[in-house]
Amino acid sequence: MADRLLYWKGCMSRLKVKGIADSTMELLDLMGIRYDTLGGDEGCCGSILLRTGYPEEAKKLVRLNISQIRGAGYAKMVTSCPGCYRTFASEYPKLIAADLPFNVQHISQLLSENLGALRDKLKPLKMDVVYHDPCHLGRHMGIYEEPRRLIKAIPGIRLAEFRQNRSLALCCGSGGGVRSALPDVSTAVAKSIIDGPLGPLGVRAIITACPFCYYNFNTAGGVEVIDLPQLLLRSCKGEGNNG
């Protein structure tokens, strides 16, 4: 399996917003990118435990996950979740005081690297959209341009920007365990973005690259929310035009 890619769905994409994982796998299939999943054997990356003050419990998951992935012989892992990406790529090496025995990427990085294989499949979408920078992906891991590059590759799409974007982007409200511990506060934060900075942009949809952001903005309501691979898949299928 050393030449195969592991797609780590993440808890949110695996359990709460399964459409994100389904669309991601369909897009990878369409692009001819071979991958495996762990199926029912996939666990939690431990991000929430780390963010909410349970480092020892998180270390147990770290050891288990590394052993499982290394034991299966995977050299590379990609995930839909910025929280998982940050935890694996940044936190795991600190917790084990060693480099990981496999490479880790966020799905936007993998897709951006393979844009050549995707570009000819993209069909026009007449949509005005804005991209929301997830905290884990942007501020913590510095991934800002890959998602924008992918969105701009879609013919006919217009990408607007929040006034506060990239390192200054507003949190959707679900980070740091807030979605689990204080759901009303979490939803209120998302709603404040939809009712505030979003309005003047005149866009049809928020594009995000994080299952937590996707879930939280959808819970707040009032705007269409699309995960990045979902948007690209729509384009490949020629779906979603609004004239």
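In terms of the working numbering, the sequence shown is residues 148 to 390. For glycine and all other residues, C-beta sits at the position ideal for the given N, C-alpha and C.
To the nearest angstrom, report how far apart residue i and residue j are at their CA atoms.
i      : j      : result
Ile341 : Gly369 : 7 Å
Tyr278 : Asn365 : 15 Å
Ile353 : Ser259 : 19 Å
Leu242 : Lys270 : 44 Å
Val209 : Pro347 : 43 Å
Ile301 : Lys165 : 24 Å
Cys357 : Gln252 : 13 Å
Val325 : Leu375 : 23 Å
Ser237 : Val332 : 28 Å
Ala168 : Leu162 : 10 Å
Arg381 : Pro229 : 22 Å
Met159 : Arg217 : 23 Å
Leu128 : Arg351 : Nothing can be reported for residue 128: it is not among the residues displayed for the chain, which extend from 148 to 390.
Arg310 : Arg295 : 15 Å
Glu173 : Met274 : 22 Å
Ser327 : Tyr362 : 12 Å
Phe235 : Gly385 : 35 Å
Lys268 : Thr355 : 21 Å
Ala245 : Tyr291 : 27 Å
Tyr201 : Ala219 : 28 Å
Glu371 : Asn250 : 33 Å
Trp155 : Thr184 : 6 Å
Ile373 : Leu329 : 24 Å
His287 : Asp280 : 11 Å
My understanding is that residue i touches residue j, with C-beta atoms under 8 Å, so please give their C-beta distance in whole angstroms.
i      : j      : result
Gly323 : Arg198 : 5 Å
Tyr221 : Arg266 : Contact flag wrong, Cβ pair sits at about 27 Å.
Glu204 : Leu196 : 5 Å
Ala307 : Cys319 : Going by Cβ atoms, the distance from Ala307 to Cys319 rounds to 17 Å, so no, they are not a contact pair.
Tyr239 : Ile213 : 7 Å
Leu247 : Ile298 : Between Ile298 and Leu247 the Cβ distance is about 29 Å, and since that is not below 8 Å, they are no contact.
Lys223 : Leu153 : 7 Å
So what's residue i in DSSP terms, helix, strand or just coil?
i      : result
Glu452 : One cannot answer for residue 452 here, as it falls past the ends of the chain, which runs 148 to 390.
Lys241 : helix
Ala391 : The structure shown does not extend to residue 391, since the chain is modelled only from 148 through 390, so no value can be given for it.
Arg305 : strand
Asp267 : coil
Glu189 : coil
Asn312 : coil
Cys383 : helix
Cys321 : It is Ser, not Cys, that sits at residue 321 in the sequence shown. If DSSP states are grouped into helix, strand and coil, Ser321 belongs with coil.
Ile167 : helix
Asn363 : helix
Gly289 : coil
Cys231 : helix
Gly200 : coil
Leu175 : helix
Asn261 : coil
Leu329 : coil
Leu272 : coil
From the DSSP secondary-structure annotation, give me the bridge partner or partners of residue i.
i      : result
Asn250 : Lys223
Ile353 : Val277 and Val372
Tyr154 : Val225
Asp342 : Bridge partners of Asp342: none, in fact.
Tyr182 : Leu152
Going by the beta-carbon positions, is the gap between residue i and residue j smaller than 8 Å?
i      : j      : result
Cys360 : Ser314 : no
Thr226 : Gly179 : no
Cys282 : Cys231 : no
Ser303 : Leu272 : A small fix is needed here, since residue 303 is Gly in this sequence, not Ser. Against a cut-off of 8 Å, the Cβ pair of Leu272 and Gly303 comes out as a contact.
Ser339 : Glu293 : no
Ala316 : Gly285 : yes
Cys383 : Leu257 : no
Taking only beta-carbon atoms, is residue i less than 8 Å away from chain B?
i      : result
Ala264 : Absence of chain B from the displayed structure is noted, only one protein chain being present.
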